[in-house]
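Chains B and S, in that order, give the protein sequences. Heads up: the first sequence runs through residues 1173 to 1652, numbered per my numbering. Heads up: the second sequence runs through residues 1490 to 1967, numbered per my numbering. Below you'll find the structure, written out as structure tokens, and then a few comments.
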Amino acid sequence: MSVRQQRLLSGSPWVSGVAAVCVALLTAAPAFSQPPPRPRPGGGPPRSAPPASNAPAENEPKKDDEPVEPEKEFFFAVKGGIVHTVSGGDLPGATILCRNGRIQAIGTGVEIPKDAEVLDATGHHVYPGLVAFRATGFHSGSDPSDGTDVYSLNMALALAAGITTCMSGDTVAKLTFGSVEDMIVRKEPLVNLNYSTRSPDARRRLRESLDKLVDHLRKVEAYERESATNKNAVKPDDKWIRGEAEKHLKLLKGEASAEISADRAHDLYQACELADRYGIRIVVRGAYEGWTMAPRLARSGVSAVVTPRARVDLDERYVRPTGSSIENAAILHNYGVRTAILPPGLSVSTWGVVGEDLTHFNMEAAFAVRGGLPQEEAIRGITIDAARLLGVDHRVGSIEVGKDADFCITDGDLLHYMTLVRWTVVNARVAYDKQKDTLFDHIRPEGDRNAPPPNDYWPRRLGSDWEGPPLPESRPQTGR
Amino acid sequence: MLKRMREPNFTVCAAWGIAVLAAGAAAGQSGGDERFVVVRAGRVITVGGEEYAPGMIVIADGKVRLVGQNLEYPDGATVIDARGQTVIPGMIHVRTRFGLPSYNRPGVRGDLKALDEVVISQIEFEELLEAGFTAACYYPFGDGIAGVAGVLRTGGSESARRVKDAAYLRVDMTDPASDKGTLRNALKKAQEEIDKVEKARQEWEKKQKAEAEKKQQEEQQKKEGEEQKPGDKPSPSPPKPEEKPQPPKPSAPKPGDPGAAPPVEAPKEGDKKEPEQFVPPAMDPAHMPLIDLIQKKYDLPLFIELDQASDYLHAEDVLKPHTEFPRVYWLGARLPNRASDYDYVVKALGEKKALVVVPPAIFYLPLTVEQYNLAAELTKAGCKVACAPWWDAPLEFDRMRSRLADLVRAGLSRADALKSVTAHAAEAAGVADRLGTIEKDRDADLVFLSGDPLDPRSEVTQVMIGGEIVYERKDGRE
């Protein structure tokens, strides 16, 4: 029943086992040249072609989430840096030209228009903006574009960590520092399910709800078939589909993924069975025992969001392997489970235990490398794979023609502990500039790792040309 | 000591005539029954124009007639001798609820006026007068769009107290998570109200047209009938005219019927057979100020209250389709440590040459010890800056001038500091045509100080409102 139903219900060609193939296909599709622009459905000016990806989009992009094209076109270019496209290899010295916030061309021979704003990233590494699968404290309000303080310290700190997109609440939103425009990327891409062995009753209720909806969808299909010939066919009642049921229907239709917090193997098995039975896409968060049953997760097409640094002792009551492993991400990847990486803390802070939150997002990926995950794959775990699990990979997560101009430009390898973010670009606007912000401007201001700190490194938020309020003339000017 | 003396025959009659000719001609009144008051001051700071030391102000019927030196004035004028004092225009408190209770009132309440809450006898205006405020703009309390503020004089005769009933529409944007939606929905509702009236008008016109056509048809048929009647043969002809008028009858009301939803039209039809004038359906009074703005009646500006720089972007985001709306910003700060991040939006405000109201305080940039003179930076960027006491307490009113002195010490120019509580404040409260400067035809609302207005030692000795002294310091020193 399961496979037939999957094809019947999900509507998406994304079925179990395809995950690994998708990964392979996507990697092989770089975008060096610029295809001719296609007319946009809204009647607006054409924008560049979509990413040259052969893999089917996991979650279909919604049209109403597309940003509105500004009336006046503006160009932004990043030149001279080592471009790590993530999806198409590395391009040393390539220029990225962006038009109206979207990448228009990538390559060494790209001509930059005269009125373009140019960011010279010579000697720096250009990565796509990092994507946090889940974060707190950057956006606020039920609609982030309405309630967010876009000048908050938290947002500046997250940008200083290279993060440009994150899932806040039930919305995927960007960290548009100093702007409230083009903030929302996608609303409600995930449905949170409580499907743990600890609450059998909740599991039963969920299955009942899904069964009822499957039954409903069959009736709808039958009605559609019948209504072609019989005008008196009665449309099945759908007024009862409200609240939870509505969300579950989105899962069955493939319009959203299910997010399940599951750490231990038996919970992960339950998630796999749910995916097999109803053909829904499932993302498990935690999954520290995923390494013990990676083939099963891969077979059911379940994706995982892992924390490579998680430490959980083995449980001696079981005769199977238990507990966490630093190799978790590597093993999951080897078996073809799409894996995103998330640190233990989901916010940013300037206090507490250093390195356990999103302020050190890249370090979490580095831990996965320590556990055997290839470096490129670790970077994918905090960029394109996270975007894919959130269903926003058509806009963010890699440097491709047609995608959003979100970059994280660093002064070294992204996963190196010495590396600091030099610029963060969101929607083709420099949202963070290390030398202009007060956070890290005094650390290696010239980019030289061996240089001592400058004498006057007092953070000057208003730039070096601002001299503060004038002193009264009666007092001797002693300087500040 | 202060002396108010009548000086008989101080000037000759010819001079009296010249003064009346010079000043009275513009006012368009004969000088016969006017009440003249003359202020002779050690110094007159007009704020709008130049300073006179010594200076003279000739006031007629509560309005300033002449400002300058060595002016001539009529014989029977009351002369106020304040030769040791400085006279400035009365200060204006742009944003106050002094003496009014606070309560929470969310939603859109554009029909409410703050002045309706004010019971003049119950408020100790003496406190404001003592500090040199001659007018106060009372704002309505509450989240969202709380209502319309109004300007009151702090003294004088009760009949002349109300300067302006509708000064500005207060829009709260201190919590954009909810306030942004409130404003957006209010604008949407206002547009819907306009559309509703427009739709009703179109239907009315359609109906009028249909009725006119019907009448014409009937007349034509009558004519045809009359023409046919004499043509004999009565049997086949009568059914024809009967049948013809019948089809138009049901069809004629049809265009009116489906859209006749506005309930106003139904009773209208019952009362009068055919109203010649279109009576628009009633609009929601709570949204009326916004409806007026959308219809390009810019009498009532928006007074947008902010808490931090981000709120400004949110406000601008909602008002993006309405860039032409007149607006005033209140740059408040919630944080007790006087940290404020408005430096992010100073440039944007300056480019718009915005009218902003700020607390008279030197802020700190967040997480730094950098002091930031917001008023000075805004002025430098190109804004018109008004200052309002940070909170409504007599002590804070008294401190106002010394706080301004602090701003001047930290870089704000002296002229801008004085304007911020007078001319610019009057503009923010929408009363710049009457208050805020000592100029011809402005209200004679003056404050007499024992010294320079920005000198913390100087005190308010007298306050004049509408040409009459309404406050005199009891223990005033020379």
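Yeah, the Cβ is synthetic: ideal placement off N, Cα and C, and Gly gets one too.
Simplified DSSP assignment, three categories, for Met1772 (chain S): Against the second sequence, residue 1772 (chain S) aligns to sequence position 283. Coil.
Chain S contact for Ser1519 (chain B) (CB, 8 Å cutoff): Reading the first sequence from its first residue, position 347 is the one you call residue 1519 (chain B). Interface criterion not met: the Cβ of Ser1519 (chain B) is under 8 Å from no Cβ in chain S.
Closer than 8 Å to chain S by CB, Asp1318 (chain B): In the first sequence, the residue the question calls residue 1318 (chain B) occupies position 146. Chain S, which has a Cβ nearer than 8 Å to the Cβ of Asp1318 (chain B), makes this yes.
Where the segment 1825–1851 of chain S meets chain B: residues whose CB sits under 9 Å from a CB there: Asp1830, Asp1832, Tyr1833, Val1834, Ile1851
The segment 1249–1256 of chain B in contact with the segment 1265–1279 of chain B per 3-pair CB rule at 8 Å: With the cut-off at 8 Å, the segment 1249–1256 of chain B and the segment 1265–1279 of chain B touch.
For Thr1348 (chain B) and Asp1354 (chain B), the rounded distance between their alpha carbons: Against the first sequence, residue 1354 (chain B) aligns to sequence position 182. Against the first sequence, residue 1348 (chain B) aligns to sequence position 176. Cα-Cα distance, rounded: 8 Å.
C-alpha gap between Leu1562 (chain B) and Leu1362 (chain B), whole angstroms: Looking up residue 1562 (chain B) in the first sequence gives position 390. Looking up residue 1362 (chain B) in the first sequence gives position 190. Roughly 7 Å separates the two Cα atoms.
Near-chain S residues of the segment 1341–1371 of chain B (beta-carbon distance less than 9 Å), N- to C-terminal order: Legend: CB atoms of the segment 1341–1371 of chain B lying less than 9 Å from CB atoms of chain S belong to residues Gly1350, Ser1351, Val1352, Glu1353.
Length of the line joining the Cα atoms of Thr1868 (chain S) and Arg1584 (chain S): Taking the second sequence and counting its residues from 1, one reaches residue 1868 (chain S) at position 379. Taking the second sequence and counting its residues from 1, one reaches residue 1584 (chain S) at position 95. The straight-line gap from Cα to Cα measures roughly 20 Å.
Status (buried if at least 16 other CB within 10 Å, exposed otherwise) for Glu1431 (chain B): In the first sequence, counting from the first residue as 1, residue 1431 (chain B) sits at position 259. With at least 16 other beta carbons inside 10 angstroms of its own, Glu1431 (chain B) counts as buried.
Check whether Gly1579 (chain S) and Val1920 (chain S) have beta carbons under 8 Å apart: Reading the second sequence from its first residue, position 90 is the one you call residue 1579 (chain S). Reading the second sequence from its first residue, position 431 is the one you call residue 1920 (chain S). No, they are not a contact pair.
Beta bridge counterpart(s) of Ala1550 (chain B) as assigned by DSSP: As a first step, residue 1550 (chain B) is located in the first sequence; it is residue number 378 there, counting from the start. Answer is none; Ala1550 (chain B) lacks a bridge partner.
Whole-angstrom distance between Ala1550 (chain B) and Ala1443 (chain B), CA atom to CA atom: Position 271 of the first sequence holds residue 1443 (chain B). Position 378 of the first sequence holds residue 1550 (chain B). Their Cα atoms are separated by approximately 24 Å.
Whole beta strand (DSSP E) elements within the segment 1433–1479 of chain B, 3-residue minimum: 1454–1458, 1475–1478
Buried versus exposed, by CB contacts within 10 Å (16 or more), Lys1873 (chain S): Within the second sequence, residue 1873 (chain S) is the residue found at index 384, counting from 1. So Lys1873 (chain S) ends up on the buried side.
Min CB distance His1803 (chain S) to chain B below 8 Å: Here residue 1803 (chain S) corresponds to residue number 314 of the second sequence, with the count starting at 1. Yes, its Cβ sits closer than 8 Å to a Cβ of chain B.
Chain A residues whose Cβ lies nearer than 7 Å to that of Ser1312 (chain B): As a matter of chain content, chain A is missing from the structure shown, whose protein chains are B and S.
Integer-rounded CB distance, given that Val1536 (chain S) should sit under 8 Å from Gly1544 (chain S): The residue you call residue 1544 (chain S) lines up with position 55 of the second sequence. The residue you call residue 1536 (chain S) lines up with position 47 of the second sequence. 13 Å between Cβ atoms; not a contact.
C-beta neighbour in chain S for Lys1407 (chain B), strict 8 Å: Taking the first sequence and counting its residues from 1, the one referred to as residue 1407 (chain B) is at position 235. Chain S, which has no Cβ nearer than 8 Å to the Cβ of Lys1407 (chain B), makes this no.
Contacts of Tyr1604 (chain B) in chain S (Cβ-Cβ under 7 Å): Position 432 of the first sequence, counted from the start, is the residue given in the question as residue 1604 (chain B). The premise fails here: Tyr1604 (chain B) is roughly 14 Å from chain S at the closest Cβ pair, so nothing lies under 7 Å.
Straight-line Cα distance separating Asp1664 (chain S) from Val1442 (chain S): Because chain S in this structure spans residues 1490 to 1967, residue 1442 (chain S) falls outside the shown range and cannot be described.
Cut-off 8 Å between Cβ atoms - residues of its own chain near His1776 (chain S), not counting five sequence neighbours on either side: To locate residue 1776 (chain S), count along the second sequence from 1; it is residue 287. Correct list, in chain order: Val1597, Gly1599, Ala1675, Lys1678, Ala1679, Glu1682.
Leu1587 (chain B) and Gln1547 (chain B) closer than 8 Å at C-beta: Position 415 of the first sequence, counting from 1, holds the residue named residue 1587 (chain B). Position 375 of the first sequence, counting from 1, holds the residue named residue 1547 (chain B). Cβ atoms of Leu1587 (chain B) and Gln1547 (chain B): closer than 8 Å.
Listed by chain order, chain S residues near Asp1321 (chain B) by CB distance under 8 Å: In the first sequence, residue 1321 (chain B) corresponds to position 149, counting from 1. Within 8 Å Cβ-Cβ: Gln1797, Ser1799.
Selection from S:Gly1633, S:Ala1638, S:Tyr1657, S:Arg1651 that minimises the alpha carbon distance to Lys1669 (chain S): On the second sequence, residue 1669 (chain S) is found 180 positions in, with the first residue counted as 1. It is S:Gly1633 whose Cα lies nearest to the Cα of Lys1669 (chain S).
Alpha carbon of Ile1958 (chain S) to alpha carbon of Pro1848 (chain S), nearest angstrom: Position 469 of the second sequence holds residue 1958 (chain S). Position 359 of the second sequence holds residue 1848 (chain S). So the alpha carbons of these two residues sit roughly 29 Å apart.
Beta carbon of Ile1548 (chain S) nearer than 8 Å to that of Gly1900 (chain S): Mapped onto the second sequence, residue 1548 (chain S) falls at position 59. Mapped onto the second sequence, residue 1900 (chain S) falls at position 411. Their beta carbons are not under 8 Å apart, which means Ile1548 (chain S) does not touch Gly1900 (chain S) by this criterion.
Validate contact between the segment 1471–1481 of chain B and the segment 1454–1463 of chain B using beta carbons, cut 8 Å, 3 pairs: yes
DSSP-derived helix/strand/coil call for Arg1583 (chain S): As a working note, residue 1583 (chain S) is residue 94 in the second sequence. Just to set this straight, residue 1583 (chain S) is Val in the shown sequence, not Arg. Strand, per DSSP.
DSSP state of Trp1412 (chain B) mapped onto helix, strand, coil: Against the first sequence, residue 1412 (chain B) aligns to sequence position 240. In the three-state scheme derived from DSSP, where H, G and I count as helix and E and B as strand, Trp1412 (chain B) is classed as coil.
Min CB distance Leu1325 (chain B) to chain S below 8 Å: Numbered from its first residue, the first sequence carries residue 1325 (chain B) at position 153. Yes, contact with chain S.
Supposed contact pair Ser1519 (chain B) and Thr1308 (chain B) - C-beta distance, whole angstroms, cut 8 Å: Sequence index remark: in the first sequence, residue 1308 (chain B) carries index 136 (1-based). Sequence index remark: in the first sequence, residue 1519 (chain B) carries index 347 (1-based). With a Cβ gap of about 5 Å, Thr1308 (chain B) and Ser1519 (chain B) count as contacting.
Proximity winner among B:Ser1368, B:Ser1312, B:Asp1342, relative to Ser1667 (chain S) (alpha-carbon distances): Numbered from its first residue, the second sequence carries residue 1667 (chain S) at position 178. Nearest C-alpha to Ser1667 (chain S): B:Ser1312.
Cβ of Thr1596 (chain B) within 8 Å of any chain S Cβ: For this step, residue 1596 (chain B) is matched to residue 424 along the first sequence. With 8 Å as the cut-off, Thr1596 (chain B) does not count as an interface residue toward chain S.
Spatially closest choice to Lys1878 (chain S) from S:Ala1837, S:Arg1962, S:Ala1914, by CA coordinates: Sequence index remark: in the second sequence, residue 1878 (chain S) carries index 389 (1-based). One detail in the question is off: residue 1878 (chain S) reads as Pro in this sequence, not Lys. Selected option, being the one with the closest Cα: S:Ala1914.
Cutoff 8 Å: Thr1531 (chain B) Cβ touching any chain S Cβ: On the first sequence, position 359 is the one that residue 1531 (chain B) refers to. False, the Cβ-Cβ gap to chain S never drops below 8 Å.
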